[in-house]
Amino acid sequence: MPEINQLHRIDLHGGRVTKPRWSRNGRFLAIPAESGAISIFDFDTEQIAQTLGSHSGEVTAVDWDYNEGVILSASADRSVGLWDPKSGVRMPLDLSGHKEPVHSVEWTDEGAYAYTCSLDRVRAWDGCCLLPGWTEEMEEGANRHTGFTVAACSFQTSLLLGIAAENGALLVLVSLQSAHLLDQIRMEQTVESLAWSPVEELLVVGTDEGIVAYRATQEGFESPTRELTTDTPHVQALALSGDGNVLASRDAEGLKIWDVRTGRMIAGLLEGSETDSGGSQAPGIAFHPDRPLLATANGTACRILDLGNLV
């Protein structure tokens, strides 16, 4: 089985790294940490270009807007931050309404909507001005279930939001445009991670026992379910390559790379306890938008892995 090559190791001093996220042009990598700060790594210069922060609690997720002019951040301190990545200044915009730590934040690929999600509530925002994107009635309908543990929005301008509700026992599909609950699936295994394909309406679901995939539209989930792999314990993180052909997963055994079409494991990397150093969020992984590079949190460092010899 081919080896996974490390291209960069970015050692930080802000505590455990959570979920890195590439800018949409692929030049910058935002690296959030449990200290409350966000480091911006410039891939061209191979240096930290800016440090944003900080939140008063762990930064659990980040995302870049469509034009890469600002960054949204979610935090265990129950707040959502908006940052200028050039100056490092936090902008005076209050995206409130969460009573629990916010674990997910994301813009849709065309920038029409953003969403924020915590255990108690999912909220939608206008992607341009970040004013509420749902009325109160719409929001209450979307929050018919609670216990949200992970969320992810689709690509392809389809405005679909996948959420693990009831602490991972229920997979819910919501329309960001209408806030309608489109479909739901009672899960036999607990959902621990979600990722959408960038090129098709395929929602990949990591559970405590394996990885499955669902095709989804505004009409709901389509049958049948596709089982990608079993006997992969506690799939904590998922990411799909820009062409949708390669899936990266992190489970209790380490990092694994899969061929999406065949379900065959291409490569694996056993990782020690450095990847599981506590904190409220499992360490994340993120594919570069158009190159075979994978950013992966590893304790207090973020590594960039070159998968060019695998795909």
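In the numbering used here, the protein residues as written are 788 to 1098. Backbone N, C-alpha and C define an ideal beta-carbon position, used for all residues, glycine too. Treat the numbers as computed from the prediction; the structure is a model and nothing was measured.
Here Y1001 is bridged, per DSSP, to L990.
Taking 3 residues as the minimum length, the beta strand (DSSP E) runs contained wholly in the stretch 874-921 are 889-894, 900-905, 909-913, in order along the chain.
In this structure, the beta-carbon distance from P1020 to E1040 falls below 9 angstroms.
Residue environment: R1037 is assigned as buried (16 or more neighbouring CB atoms within 10 Å of its CB, all protein chains considered). Under DSSP, T1087 shares a beta bridge with no residue.
Rounded to whole angstroms, the separation of the alpha carbons of E926 and R908 is 9 angstroms. In this structure, the straight-line span from the alpha carbon of Q837 to that of D1018 is close to 41 angstroms. In summary, H890 is buried, with 16 or more beta-carbon neighbours lying within 10 Å of its beta-carbon over all protein chains present. Under the three-state reduction of DSSP output, A929 falls in the helix class. G997 and N1096 have their alpha carbons spaced roughly 26 angstroms apart.
Under the DSSP assignment, L968 falls in the beta strand (DSSP E) whose first and last residues are 968-973.
Between P985 and S945, the CB-CB gap reaches or exceeds 9 angstroms.
By the CB criterion at 9 angstroms, T903 and V846 fall outside the cutoff. In this structure G856 is exposed. Its beta-carbon is surrounded by fewer than 16 other beta-carbon atoms within 10 angstroms.
Nearest Cα to P819 within the set G1055, S980, D831, A861: A861.
Of all alpha-carbon atoms in L969, T1087, D1030, A824, the one lying nearest the alpha-carbon of V876 is that of A824. By the neighbour-count criterion, in which a residue is buried when 16 or more other Cβ atoms sit within 10 angstroms of its Cβ, P872 is buried.
If you compare the alpha carbons of A863, E897, A1000, F828 with that of I797, the shortest gap goes to F828.
Here DSSP, grouped into helix, strand and coil, assigns E979 to strand.
Looking from the CA of C940, the closest CA among C916, G928, W912 belongs to W912.
The beta carbons of T1087 and P807 sit no closer together than 9 angstroms.
Nearest to G898 by alpha-carbon distance, out of E1009, G802, G920, is G920.
A straight-line Cα-Cα distance of about 7 angstroms links D896 and Y853.
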